[in-house]
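Numbering (this note's numbering), first residue to last: 47 to 245.
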């Protein structure tokens, strides 16, 4: 005969799994909605409806739209960082393929946030953090190409590499000029190599 005490851990485990699944689902929906729509157009009600839960569930877990946005962006950021950190240090073609691959997945999200940074403080904070991280990524991944450069020259070279690997450059080549992904990567690689040859 099964006692209530024996059944309780199973029920609690199942409840915890359900809560974790619900949290993940809400965050995934929030990332999509904040990517596809202006911040002002995304409500807790909309997130709850799309996630198949009640607004009360979302409110109880996150407390506010700003907190939900922050946690959703944290989840997206962690995925982006894991992807970018896999770029091979010093391998320019590999780094270019890595960053273009990320923009293929997250470019729309980044561009939507950039459109709103000047009027929504919470977005401005995330955008600034992304800019700082991207600069650090360039310093890390292109460290062999930066070796031996003096301070001002090094800063100019990093700035150029930041621009060439920026989401706006990807948008110009890939979306505005309609280059294929492969041609976008080739163009960025040509520009970086040309800069290296002229240095």
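We put the beta carbon where it would ideally sit given N, CA and C, even for glycine. All values derive from a computational prediction rather than experimental measurement.
- Contact check for residue 221 and residue 233: beta-carbon distance about 14 Å, past the 8 Å limit, so the pair fails to qualify.
- Per DSSP, the continuous alpha helix (DSSP H) segment holding residue 91 begins and ends at 90-97.
- One alpha carbon belongs to residue 145, the other to residue 87, and they sit about 29 Å apart.
- Non-local C-beta neighbours of residue 153 in its own chain, meaning closer than 7 Å and more than five positions away in sequence, comprise 213, 216 and 217, ordered along the chain.
- Collapsing the DSSP output to three states places residue 84 in coil.
- Taking residue 156 as reference, the option from 142, 141, 138 and 175 with the minimal CA-CA separation is 175.
- For residue 192, the uninterrupted alpha helix (DSSP H) segment begins and ends at 189-192.
- Apart from sequence neighbours up to five positions away, the residues of its chain that approach residue 82 with a beta-carbon distance below 8 Å are 154 and 158, ordered along the chain.
- Where residue 238 is concerned, the enclosing alpha helix (DSSP H) starts and stops at 227-244.
- In the structure shown, the three-state DSSP call for residue 166 is coil.
- Taking residue 91 as the centre and dropping the five residues before and after it, the same chain places the C-beta of 101 closer than 7 Å to its C-beta, in chain order.
- With a beta-carbon spacing of about 5 Å, residue 118 and residue 77 fall inside the 8 Å limit used to define contacts.
- Restricting attention to 107, 151, 106 and 112, the CA atom closest to the CA of residue 127 is found in 151.
- It is roughly 10 Å from the alpha-carbon of residue 231 to the alpha-carbon of residue 237.
- For residue 106, the enclosing alpha helix (DSSP H) begins and ends at 101-108.
- In the three-state reduction of the DSSP assignment, residue 196 falls in the coil class.
- The three-state secondary structure of residue 69, taken from DSSP, is helix.
- Distance from the CA of residue 170 to the CA of residue 121, rounded to the nearest whole angstrom, comes to 18 Å.
- With a contact defined as Cβ atoms closer than 8 Å, residue 69 and residue 93 miss out at about 12 Å.
- Only residues of its own chain outside the window of five on either side were considered, and among them 93, 96 and 97 have a CB closer than 8 Å to the CB of residue 75, listed in chain order.
- Following the DSSP letters along the chain, one finds residue 122 inside the alpha helix (DSSP H) bounded by residues 111-131.
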